[in-house]
Structures are given as structure tokens and as C-alpha cells.
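**Student:** Input: one structure, supplied below.
Protein chains: 2
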Amino acid sequence: MRLTRAGEYAVRCMIYLSHKGVGVLVSKQEIAERADIPTHFLAKIAQDLARAHLIEIRQGPKGGYSLLKDPAEVSLLEVVEVMIGEIYLNDCVGRPETCPASKRCAVHKVWEDARDQLRETLAGVSFAQLSEKESCIPVFPVHKKG
Amino acid sequence: MRLTRAGEYAVRCMIYLSHKGVGVLVSKQEIAERADIPTHFLAKIAQDLARAHLIEIRQGPKGGYSLLKDPAEVSLLEVVEVMIGEIYLNDCVGRPETCPASKRCAVHKVWEDARDQLRETLAGVSFAQLSEKESCIPVFPVHKKG
DNA sequence: ATATATGAGATATTAAATATCTTATTTATC
DNA sequence: GATAAATAAGATATTTAATATCTCATATAT
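Those protein sequences? They're chains S and H, same order as listed. Sequential numbering from 861 applies to the first sequence in our numbering. Sequential numbering from 861 applies to the second sequence in our numbering.
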């Protein structure tokens, strides 16, 4: 019951892009290095984020990724669920058809409440908020030696 | 980010035993059939529950499992965490040493809050409450044909 | 045209969850 | 005590998901 690496990497990628601002093109290499994400894995994650219209991908020389939406309009929940699908905590919540009693089941109700609460918490945090504050992603540009 | 089968099965087993009451011996077969748990898997789960002093295991003929603690004193969180370990939702919460920034990290803080909230919700529900109400586990004894 | 940078899908690799099997141990009953 | 019944404990598949990487294709600045 933990967030996957893909989810964690997607969040880091989005924070890094939020620091840069909407529409600012950043190379895959730069993001991978600064946010500590395996390059090829980042490529896959970026595809998911692009499909969800959160970022735009630019190919070719000087290509890279850029933020499509205002970070104030993007929640932590949104990014996480793009990567891992809708959170439901227990199978009986996500797939009620697997449990005939779910409508009347006391256990089901607890998990449903817990799920709703968790999703609300994550929905209440925007990438604007996250990028304003300190996080595990370095804020200031790192200059190469020489 | 979902509860494992082992966790779900443990909850079902505990509800079934809660219906019976503290100290009432119930055979593994009966629990497996009524709570719809693969027999051998139940054996493994029962070992974990016994190690956590939630149930007692009796070997030999007329052996089986019985509840050790008052169901009012056992929370959903306790049973779930016996099976899957402490819930932490994100690696950076469970293993802060993997993220040097965790103390100051805004993302970390959100996950920590979400984790605390989830654990509180699950801690607030006892097996007495769960077994009083309808659930996915049948309450009344089923008599064999003939 | 060429070189650069990423896309998209395929293919390992690793780890975890799930399920089952085998041998050993406990205990009620005769 | 011997026997049979019931579970223990650990080992061993099996399956599924997560993680990571590779290859060929595509887009684009110069």
C-alpha cells in the first residue's frame, strides 16, 4: 500500500517543471539529472503525463518537456492517478462487482470513507503550493563546471 | 496502492471469529469455507495473527482458531498492519533516510498527513463494530445438508 | 540532408503477492 | 501408548506488478 516509483517520479518531474513555469521547455536529460529519475523511465512517465495533457513533449534538437497547465490548477492527486490509476485502497471499493455485499458491508464503507478522505487530501494540494515551498527537488539551476 | 489479499483475508477471518466471540474454537475448514479464503493461505495468515496475539491456534483433533482479544479492543488498523506492516503510503515517509530533504519537504508533509489520517480512520473502527453490522461475511451458521 | 532529441512499443529484470505442497508436530480418543 | 485428526512451519511454485532498459521510428533545428 505505497506509491509506486513511477508515481513518485511523475510528481518530481512536475515539481521541476512547475519551478520553471508554464510553457518553458526543459530537456529530458536535465529533468532526469536534477530530479534523480532514470532517463528511460522518465521517457515513459512523460508519455503518460503528455497523454493526460499535463505536459507537452517537443521532439528534435532542443526538444524536451514543458508544462501545459498552470501549476495552481494541477493537484497532487491528478498527477498520482495519471500514473497509478484511480486510488481505491481496497479491491472491493474499486471493483464492487467482486463483492456482492459491498453496498451493505461495514468494512467496505470504512475503506470507501478512507479512500475518499485520502483522495481529498491529495486533491487539496496543487503544484503551485508544492513548488513554492522547499521539497526534495532542487530549485536553483545547477551550472556545469568549466 | 491497495490492500493485499492476505490483508483482506485476515480481516474476514477476524470478523468471522468476532461473530463467534472470544475463546470460541472454530476449525480452519469452517473459516476457510465461510469467509471464502483458500485453506492453505488461511493457515499462513493465522500464523501471523497468532504471532500478534490476536488469535490462539489449537492443534490436534477438534483443533482450530479462537479469538484471544475482545473484538472491541481490536482495530481494523491493527489487523491490517499485522499482515502488511505499518502503512506509510510513500517510501519517503516509511524510510526517511532514503530522502535527505524529508524533514523540510512539502511533498513529504502531504504524504505524512495523509498517512496519519488514513491510519486514524482505520484505528477508529473495532471488530466489535464491524461484526455488529452486516458485512461480506455471513453471520448465521450454515447447516450442512442431510 | 544531417544530426539531435524524443516517441512508442517491446523486452528484460526484479520484486512482491498469491497459492500450494510436504513433512513435522500436537492432541483427542480409543 | 497407539492411532487418527487437525494444524504448524517452511519450502516451492505460480502469477502479477513494478521497474528498468533497449530498439527502431519520428520529429525538427540547423
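Just so you know, even glycine gets a beta-carbon here, dropped at the ideal spot from N, CA and C.
Return the chain-ordered ranges of every alpha helix (DSSP H) run that is complete within the region 887 to 946 of chain S and spans a minimum of 4 residues.
**Tutor:** Runs of the alpha helix (DSSP H) inside the region 887 to 946 of chain S: 888 to 894, 899 to 911, 936 to 944.
**Student:** Look up residue 862(S) in the DSSP assignment and give the residues it is bridged to.
**Tutor:** For this step, residue 862(S) is matched to residue 2 along the first sequence. Bridge partners of residue 862(S): 949(H).
**Student:** Between residue 873(S) and chain H, is the shortest Cβ-Cβ distance under 8 Å, so that the two count as touching?
**Tutor:** Position 13 of the first sequence, counted from the first residue, corresponds to residue 873(S). Residue 873(S) does not count as touching chain H.
**Student:** What does a CB cutoff of less than 7 Å around residue 979(S) pick up in its chain, not counting 5 residues either side in sequence?
**Tutor:** By 1-based counting over the first sequence, the position of residue 979(S) is 119. For residue 979(S), where only same-chain residues beyond five positions count, the Cβ hits under 7 Å are 937, 947.
**Student:** One question on the structure: do residue 869(S) and residue 909(S) come within less than 8 Å of each other, judged by their Cβ atoms?
**Tutor:** One-based indexing of the first sequence puts residue 869(S) at position 9. One-based indexing of the first sequence puts residue 909(S) at position 49. Their beta carbons are not under 8 Å apart, which means residue 869(S) does not touch residue 909(S) by this criterion.
**Student:** In its own chain, which residues sit with a C-beta less than 8 Å from the C-beta of residue 884(H), not counting the 5 before and 5 after it?
**Tutor:** The sequence position of residue 884(H) within the second sequence is 24, counting from 1. So the qualifying residues of the chain are 877, 926, 927.
**Student:** Let me make sure I understand the geometry here. Which of 882(S), 952(S), 996(S), 985(S) has the alpha-carbon closest to that of residue 996(H)?
**Tutor:** Within the second sequence, residue 996(H) is the residue found at index 136, counting from 1. Considering only alpha carbons, the answer is 952(S).
**Student:** Between the region 940 to 956 of chain H and chain S, which residues of the former have CB atoms less than 8 Å from a CB of the latter, in chain order?
**Tutor:** The residues in question are 944, 947, 948, 949, 950, 951, 952, 954.
**Student:** For chain H, is any of its Cβ atoms less than 8 Å away from the one on residue 999(S)?
**Tutor:** Locating residue 999(S) in the first sequence gives position 139, where the first residue counts as 1. Output row for residue 999(S): interface = no.
**Student:** So what's residue 999(S) in DSSP terms, helix, strand or just coil?
**Tutor:** Residue 999(S) sits at position 139 when you count from the first residue of the first sequence. Three-state result, residue 999(S): coil.
**Student:** What do you get for residue 867(S), buried or exposed, if any count of 16 or more other CB atoms within 10 angstroms of its CB means buried?
**Tutor:** Within the first sequence, numbered from 1, the residue matching residue 867(S) stands at position 7. It counts as buried.
**Student:** Taking the C-alpha atoms as reference points, what is the distance between residue 872(S) and residue 892(H)?
**Tutor:** Your numbering for residue 872(S) matches position 12 in the first sequence. Your numbering for residue 892(H) matches position 32 in the second sequence. Each residue's Cα considered, the two are about 44 Å apart.
**Student:** Can you list, in chain order, the residues of the region 957 to 983 of chain H whose Cβ is nearer than 8 Å to any Cβ on chain S?
**Tutor:** Cβ contacts with chain S come from 959, 960, 961, 962, 964, 965, 966, 967, 968, 970, 971, 973, 974, 977, 978, 981, 982.
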